[in-house]
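Working notes, structure below.
2 protein chains.
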Amino acid sequence: MDKVNLVEKFTLFDDRWSPKIVGELNGQYVKLAKLKGEFVWHHHQAEDELFFVIRGRLTMRLPEKEIVIEEGEFVIVPRGVEHCPVAAEEVLVLLFEPKSTAHTGDVHTEMTVETLDWI
Amino acid sequence: MDKVNLVEKFTLFDDRWSPKIVGELNGQYVKLAKLKGEFVWHHHQAEDELFFVIRGRLTMRLPEKEIVIEEGEFVIVPRGVEHCPVAAEEVLVLLFEPKSTAHTGDVHTEMTVETLDWI
C-alpha cells in the first residue's frame, strides 16, 4: 500500500483526453486526465461519473445548462445524462467512476481510448 | 445537478471525526471530514477506503508501517487491513467509500457516528 501524489502523477504524461488509472477500490477506478478543447457529447448507460478539478477550469455542457467547475470543485454526472466536457485552457482533473466506464460512453470516435494505462 | 465546492463545504461544520456526505455515485459516497488527534484502530470487512488530503497532513498507522499523507495525496486502505488515522494538527480529508461503510468499521466506540449528515 503506497500513497499517490497527484502532482507527481500529472508529470508522467502529456497526452490529453486519455485518462490514466492511479487507483482502484470497490470496483471503481481513480483516474487522472489532462483536458483541453472540446470532447464529444456522450453518456454512460450505467455509470455515474465524478469530475474533480485539480487545476484549471472545466466547463461541463449539459442538455439544459452548462456548469463551470473551478479548482477544488467537483460535479457528478448521473448515468444516462448527455454531457460534453470543454476546456478553453488545459485543465487537470481527477475522475472517479466504475471500472466498466468507457470515457466516450455510448459514442465511438477517434478520441476513444480503448485501453487505459496505469501510471 | 450542481457542482460542489470543497472549501465552502468545509466551512459548514467544525466537528471532528464526523464525516459529512457531499456526493453519491455508483453506490459510493463522497465524504468530507476534519480530523485531529488519534482515531481508533479498526478495519472494514468488505470496503476499500480512500483518504485524500485536501489540507494538512494525515498519518495512517498500519500494522507494519505508517504512511504520512500530505496535501494533494491519497491512500487507499484495502478491505480487511487494520488502520488508525492520526493527525497532530487538524487535517481536512475527502473520503471515497461504499455507502455501507461504517467509519469505525468493526469497532464501536464513543467516537462512532451512527448516522451521517448530508451537507
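Protein chains in written order, with our numbering: chain A, 1 to 119; chain B, 1 to 119. Glycine is no exception: its CB is placed at the ideal position from the N, C-alpha and C atoms. Just so you know, these numbers come straight off a predicted model, no measurement behind them.
Cβ neighbours of residue i in the same chain (closer than 8 Å, five flanking residues each side left out)
{"i": "A:I119", "result": "K9, L12, F13, K20, I21, V22 and L32"}
{"i": "B:K99", "result": "E24, G27, Q28 and Y29"}
C-beta contact flag for residue i and residue j at 7 Å
{"i": "B:L25", "j": "A:L25", "result": "no"}
{"i": "A:A87", "j": "A:L62", "result": "no"}
{"i": "A:M122", "j": "A:I54", "result": "The requested residue 122 of chain A does not occur in the structure, where chain A is confined to residues 1 to 119."}
{"i": "B:F52", "j": "B:L116", "result": "no"}
{"i": "A:T104", "j": "A:T112", "result": "yes"}
{"i": "A:E73", "j": "B:K3", "result": "yes"}
Three-state secondary structure (DSSP) of residue i
{"i": "B:L35", "result": "strand"}
{"i": "B:F13", "result": "coil"}
{"i": "B:E8", "result": "helix"}
{"i": "B:L62", "result": "coil"}
{"i": "A:Q28", "result": "strand"}
{"i": "B:R55", "result": "strand"}
{"i": "B:K20", "result": "strand"}
{"i": "B:V40", "result": "coil"}
{"i": "B:E47", "result": "coil"}
{"i": "A:E71", "result": "coil"}
{"i": "A:V81", "result": "coil"}
Residues near residue i by beta carbon distance below 7 Å, same chain, minus five either side
{"i": "B:T109", "result": "V40"}
{"i": "A:D106", "result": "H42, H43 and Q45"}
{"i": "A:E70", "result": "V53 and R57"}
Sequence-distant residues of its chain with Cβ nearer than 6 Å to residue i (five each side left out)
{"i": "A:E97", "result": "E47 and E49"}
{"i": "B:E38", "result": "V86"}
{"i": "A:K36", "result": "R16, A87 and E90"}
{"i": "B:P78", "result": "D48"}
{"i": "A:V7", "result": "none"}
{"i": "B:S18", "result": "V113"}
_With three or more beta-carbon pairs closer than 8 Å as the criterion, would you say the region 83-93 of chain A touches the region 38-45 of chain A?_
yes
*Which full runs of the beta strand (DSSP E) of 3+ residues lie inside the region 83-119 of chain B, going along the chain?*
84-98
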